[in-house]
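Participant: Numbering-wise, the sequence shown is residues 1 to 836 according to our numbering. Built from N, CA and C at the ideal position, the CB exists for glycine as well. As the structure is a computational prediction, the values presented were derived from the model and not from experiment. Sharing a structure with you now.
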Amino acid sequence: MSAAVSVESGVLDDYRARLRPGVIDELVTPTGLRADQAALGAAVDAMGMAGLQAARAEARTFAADEGVTYGTGLAGSRNWAIDPIPVLLGATEWADLEAGLRQRARLLDLVLGDLYGEQQLLRRRVVPPEVILAHDGYIRQTEGISAPGRRQLVIAATDLGRDPEGRWTVISNRTQAPSGPGYAMATRRIISRVMAGVHRSMPLARLRGFFQTFTAALQDASPSATEPPRVVLLTPGPNSETAFEQAYLATLLGFPLVEADDLVMHQGKVWLRAGDRLEQVDVVLRRVDAAFADPLELRGDSQLGIPGLIEATRNRTVAVVNPIGAGVLENPGLAAHLSAAAEALLGEELRLPMPATWWCGRDADRSHVLANLENLVIKPISRASGALRYGWQLTAEERDELASRIAAEPWAWCGQERMHLSTAPVVTRAGLEPRRFVLRAFGVAHDDDYRFLPGGLGRVAARVGEHTVSNYSGALAKDVWVISSEADQLTPTSRDRVAAPVLLARSAGLSPRVVDNLYWLGRYAERAEGTARLLTVVDDFAEDNSHRTWTPGARATEALLQTLAQVSGTASLRQDGSSLSYLRQVLLDGSRTGTVRHCATQVINAAQHVRDLLSVDTWSVLGRLQQTLDDTPDDDDQLQPLLADVLESLLALAGIVAQSMVRDESWAFLDAGCRMERAQLTLSVLTSAFAETTDRQVEDLVVEGVLRAGESIITHRRRAAAGTGPTLALESAIELLLLDRANPRSVLYQAESLAADLALLGDEASAAKALALVKALGAVQPEELLETAALTSRLRELEQDFRRLSDDLTSLHFSRQAPRRPQTAGWSSPWQVADD
């Protein structure tokens with residue numbers, strides 16, 4: 001161990017008292033701080049427990065605000081949990097660790113190439129064939145296929161921990177579709193704000209350069225001479241555990257996030273469906289598990305992959321990163337033979353050790369494992385055989401059952417020496433606690449070597465004494481800081497100088513799935529806002545008139561209640577209960593189509609599908625909106641404050657969209673959805689509110705409510721006071737909400753904006769139809785519509801015209817591929833990804 005530095009009295013004194021004897025800690029020793037930790041230790045002590053707990057709460061708030069999540073599905077995901085105290089690595093320590101990681105990545109690359117190529121390791125039994133051929137990560141369909149780039153393994157991830165001697169030791173390799181670099185960057189962004197003072201004061205290696213190298217590495221993998229190559233990130237979709245990271249990584253790398261529906265095979269090549277054209281894809285960064293990647297040659301029930309993808313890689317028309325079949329390198333049984341492989345392929349000893357491993361396919365090893373079950377970690381070489389077992393946690397009965405399974409299929413099991421992981425301090429309500437710590441390091445192949453993300457992603461166990469450090473079990477993230485030497489700060493390294501310049505990715509068109517979600521994101525956001533505005537007005541009327549049933553106000557309230565019911569499609573909710581009960585349901589009942597909460601849920605769902613196209617600020621707004629609707633007490637009868645909070649979030653979302661999106665295809669589809677919904681909603685409100693003739697007093701009150709809901713009441717009053725508007729309130733409403741091209745709430749304004757959006761998309765036919773609506777509206781005279789029958793008839797005609805235009809847009813731009821028919825049955829859930 002390195003020399004210790006004395007610790008001043010404070011929270012670290014209490015923490016040292018909690019350390020288990022013989023277990024190494026990342027920050028302190030039993031007598032003081034570890035070397036290189038003085039500045040961090042001083043900052044931790046200076047903050048005290050109150051400051052650390054505030055930082056912990058702040059980190060959670062930032063994670064929630066930025067929508068950093070982990071978990072399966074929208075309902076099952078949880079906010080990314082981050083401990084505020086970083087783990088600090090010195091420059092020399094990181095340089096030594098990185099050298100070992102580079103050697104391991106080069107070795108795994110050679111092993112992967114050999115296993116799917118000449119198979120000399122298997123022929124010479126350096127690695128027993130049973131270890132590889134019995135592993136479900138070995139994909140026989142890809143034998144003989146080699147990636148066109150310099151390296152077969154483009155992305156290498158390694159989980160590490162410190163052993164009892166303080167050495168970094170490899171726990172496992174992650175090569176299937178390794179997750180984490182995006183989470184590492186998201187964690188750094190948050191901790192750099194939470195621990196801003198100490199973060200700014202230390203010469204830390206930055207992370208951004210790694211992602212630039214990552215982009216170049218993917219472009220290097222292209223089989224095509226096209227410059228720059230087209231790269232896409234293939235995701236299982238928003239139901240993936242790591243959906244946030246996949247979208248965030250796509251934004252960091254500058255490549256589009258795509259699902260299987262966005263891609264098609266044509267003439268033996270992979271193409272991106274972009275509107276009415278196809279764009280060839282050169283590289284697929286795969287985050288879909290290998291078994292689901294090609295339903296033609298692998299799992300026939302998969303809806304997540306691309307039929308014919310393996311054949312395309314075989315013909316070198318596309319590169320897949322990591323290659324389909326790279327998951328075989330995660331095989332725990334390979335660990336027992338990796339040292340021999342290093343001697344055979346590199347002529348070197350491994351710089352980074354692994355815990356002693358015994359493969360049960362060898363008689364001597366099996367005897368050792370069976371004789372020491374209670375002291376070993378027992379791992380199946382394939383995940384299909386279940387999870388690892390800690391022998392010391394098993395009952396005698398369970399050990400006997402496990403021994404029988406090993407005896408029946410010895411090649412399928414291995415035993416590994418128990419590893420006593422180091423700990424790192426975690427901020428809890430009870431003070432600092434030592435939790436087991438694991439580091440995941442990430443490297444990418446670039447030029448002739450591998451480049452690694454400085455530090456990587458740290459994780460600590462969810463509880464004291466927990467052996468498994470896994471996101472599935474609720475592990476917390478740790479930011480990992482690497483001290484950069486003075487020379488590194490002043491001049492680029494030799495690897496930086498020789499790195500090829502990063503080429504900008506070609507702009508890619510938007511697939512039907514993406515534009516469909518953008519369009520409906522706009523529509524549902526506008527529908528939620530419009531319904532909330534109308535609900536605010538109706539609730540206000542009901543509060544004023546609920547006890548005066550004989551007044552014009554009460555009659556106007558009933559007319560507005562009926563309008564709300566018809567416009568939102570919630571008429572069935574009015575059959576029972578009071579007006580307040582009905583209004584509350586229209587706001588909060590997420591199970592009913594047309595309610596504000598249902599619309600908000602649809603907004604969030606659509607946003608999840610296009611996360612890589614939206615500003616990061618979007619997620620704090622959507623998170624606040626969801627929390628507002630989720631946290632309302634059941635007995636709260638006051639809707640106005642709640643509606644104000646809902647509208648605040650929806651207006652913030654509209655502001656982000658208006659001020660942060662480039663005016664390109666993405667913007668045009670989203671804005672077209674907003675315009676289409678506002679036009680149809682306004683027409684529906686006008687039709688419902690004025691469908692029946694009533695006396696002037698009631699009509700004026702209804703007009704006032706409609707103008708308030710349409711954000712036009714102030715203009716109406718100013719014009720009436722100045723004598724520049726119509727004398728009749730109804731005529732003013734018709735003019736302002738239907739025909740005023742200067743009013744951003746009018747139907748005419750929506751038609752003109754819609755025409756501009758469609759023109760931006762190059763959809764001249766649809767733009768012409770929108771302009772026809774503009775012309776038709778421009779020819780209307782308000783006084784012609786003062787009769788109820790004439791007004792209702794004209795409004796319904798316009799509603800039909802807008803609906804037809806929306807249907808045309810749907811058929812032209814949003815057509816999805818037909819679902820593939822499963823060829824096999826009985827498989828497990830496709831959402832269980834192999835990587836954690």
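#1: Name the residue from A709, P380, V706, A733 whose alpha carbon lies nearest to the alpha carbon of R719.
#2: Quick one: is A17 buried, meaning 16 or more other Cβ sit within 10 Å of its Cβ, or exposed?
#3: With a Cβ-Cβ cutoff of 7 Å, do H161 and L432 count as a contact?
#4: Using a threshold of 7 Å, state whether the C-beta atoms of G443 and A105 are closer than that.
#5: Say whether the segment 698-718 touches the segment 568-582, bearing in mind that this needs 3 or more beta-carbon pairs closer than 8 Å, one atom from each stretch.
#6: Among the candidates S382, R418, N545, whose CA atom is the shortest distance from the CA of P410?
#7: Counting pairs of beta carbons, one from the segment 543-558 and one from the segment 606-616, are three or more of them closer than 8 Å?
#8: Which of the three DSSP states is assigned to A205 in this structure?
#9: What span of residues does the beta strand (DSSP E) with Y116 cover, start to end?
#10: Mapping the DSSP letters down to three states, classify L234 as helix, strand or coil.
#11: Please work out which residues of its chain come closer than 8 Å, Cβ to Cβ, to R150, disregarding the five sequence neighbours upstream and downstream, and give them in chain order.
#12: Can you tell me the Cβ-Cβ gap for A321 and H135, rounded? I've got them flagged as a contact below 8 Å.
#13: Using only the alpha-carbon positions, how far apart do P129 and A364 sit?
#14: For Q280, which of helix, strand or coil comes out of DSSP?
#15: Report the residue from L252, I306, S77 whose alpha carbon sits nearest the alpha carbon of N605.
#16: Just reading off the beta strand (DSSP E) that M265 is part of, what are its end residues?
#17: Kindly identify the DSSP beta-bridge partner or partners of F452.
#18: In terms of DSSP beta bridges, what is A157 paired with?
#19: For D14, which residues of its own chain have a beta-carbon under 8 Å away from its beta-carbon, when the five flanking residues on both sides are left out?
#20: Considering Cα atoms alone, identify which of T175, D294, E58 is closest to V111.
#21: According to DSSP, is R816 helix, strand or coil?
#22: P492 to G456, Cα distance in whole Å?
#23: Evaluate contact between the segment 625-632 and the segment 593-600, counting only Cβ atoms and requiring at least three cross-stretch pairs below 8 Å.
#24: In this structure, how does DSSP classify Y472 when only helix, strand and coil are distinguished?
#25: From this set, L805, W520, S591, G762, which residue's C-alpha is nearest G673's C-alpha?
#26: If you drop the 5 nearest sequence neighbours on each side, which residues of the same chain put their C-beta closer than 6 Å to that of R495?
#27: Can you say whether R366 is buried or exposed, counting buried as having 16 or more other CB atoms within 10 angstroms of its CB?
#28: Please report the distance separating the alpha-carbon of L647 from that of G137.
#29: Per the DSSP calculation, W168 is bridged to which residue(s)?
#30: Could you tell me how far apart the beta carbons of L19 and P86 are, in whole angstroms, since I believe they sit closer than 8 Å?
#31: Using DSSP with H/G/I as helix, E/B as strand and the rest coil, what is N331?
#32: By the DSSP assignment, the alpha helix (DSSP H) with R718 in it spans what residues?
#33: Using C-beta distances below 6 Å, list every residue in its chain close to H813, excluding the 5 sequence neighbours before and after it, in chain order.
#34: Report the residue from E241, S192, T727, S688 whose alpha carbon sits nearest the alpha carbon of S793.
#35: Please check the pair V464 and A475, which I expect to be a contact at CB under 8 Å, by giving their CB distance rounded to whole angstroms.
Facilitator: Looking at the coordinates:
#1: A733
#2: exposed
#3: The displayed chain sequence assigns Gly, not His, to residue 161. No, the Cβ-Cβ distance between G161 and L432 is not below 7 Å.
#4: yes
#5: no
#6: S382
#7: no
#8: coil
#9: From DSSP, Y116 is part of no beta strand (DSSP E); its letter is neither H nor E.
#10: strand
#11: D220, A445, D447, D448
#12: Sequence check: residue 321 is Val here, not Ala. With a Cβ gap of about 21 Å, V321 and H135 do not count as contacting.
#13: 18 Å
#14: Correct three-state label for Q280: strand.
#15: S77
#16: 263-266
#17: G443
#18: R174, F442
#19: G431, L432
#20: Checked all of T175, D294, E58; the closest Cα to V111 is T175.
#21: coil
#22: Annotation note: pLDDT 40 at P492 (below 50); position unreliable, no value reported.
#23: Touching, yes, given that three or more Cβ pairs across the two stretches are closer than 8 Å.
#24: Correct three-state label for Y472: helix.
#25: W520
#26: The predicted position of R495 is uncertain, since its pLDDT is 38 and thus under 50; a value taken from the coordinates is nonetheless stated next. Here the set comprises nothing.
#27: buried
#28: L647 and G137: Cα-Cα distance of roughly 50 Å.
#29: W168 pairs with R162.
#30: L19 to P86, Cβ: 19 Å. No contact.
#31: DSSP places N331 in coil when its eight states are reduced to three.
#32: 713-722
#33: V515
#34: S688
#35: Wrong, their Cβ atoms sit about 13 Å apart, outside the cutoff.
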